[in-house]
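*Asks:* Here full-length UniProt numbering is used: the sequence shown runs in plain steps of one and ends on residue 186.
The C-beta atom is built at its ideal place from N, Cα and C for all residues, glycine as well.
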Amino acid sequence: MMHDAFGTYPKYTHATHALCHAHHLRELKGFIEQGHTWAARMTTFLLAAKQAVEAHHGALSEEEAKRWERVYDRILAKAQHRLEAKTPLPKKALAFVRRLQKRKEEALRFLHEAHVPFDNNQAERDLRMVKVKENISGTFREETFAQSFCITRSIVSTLTKHEKNVWDSLCLLLAGETIDRVLSAT
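Shown next as structure tokens:
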């Protein structure tokens, strides 16, 4: 489960958690604007780590991931030291640093596990259409209509991610082809 570290998410104990770095990058931008130099270093680190993972096709070797973790730890330790020395204490920035330290495993899960993305932007984009539909047309009259809408959106999203022509693929599906055949067709 990828999320923004909102306080209620850890209560879902049967899920493996990962933190969304799109949220972190937005927070870091605010800290940079406030003059926190460590925030620029953390931003650079996160974006470089993302590029390294992409260059290794989804996950780093254990040794390489440990190297990135050591850099992460150093950036946060220096940030914490500098923030704790400031008067008045920059509470939001310090809370952010402590959250990243405490939830290091979740924050860096994308380094170790190929199926864990850097952020959940795609998932949020996929849900946005549901909100648009709801705002334009109101709620669904029956649960089956909502389910049909979600299935259709899921299929369209899958076709798009696989770079398939959505119209042609939907025509094939409506003619009886299976999604697996449509996706495997060239």
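#1: Please look up how many angstroms separate the CB atoms of H21 and D119, rounded, as I've assumed it's under 8 Å.
#2: Starting from R141 and walking both ways along the alpha helix (DSSP H), at which residues does that stretch end?
#3: Is any beta-carbon of chain C found at less than 8 Å from that of A52?
#4: Would you mind working out which of K78, H115, L183 sits nearest A18, comparing C-alpha positions?
#5: How should P88 be labelled, buried or exposed, when 16 other C-beta atoms within 10 angstroms of its C-beta is the threshold for buried?
#6: For D119, which of helix, strand or coil comes out of DSSP?
#7: What three-state label does DSSP hand E62 in the structure shown?
#8: Comparing alpha-carbon positions, which option in T144, V182, G176 lies nearest K161?
*Replies:* Let me lay it out:
#1: 5 Å
#2: That residue, R141, is in no alpha helix (DSSP H); it is neither H nor E in DSSP.
#3: Note that chain C does not occur in the displayed structure, where there is just one protein chain.
#4: H115
#5: exposed
#6: coil
#7: E62: helix per DSSP, three-state reduction.
#8: V182
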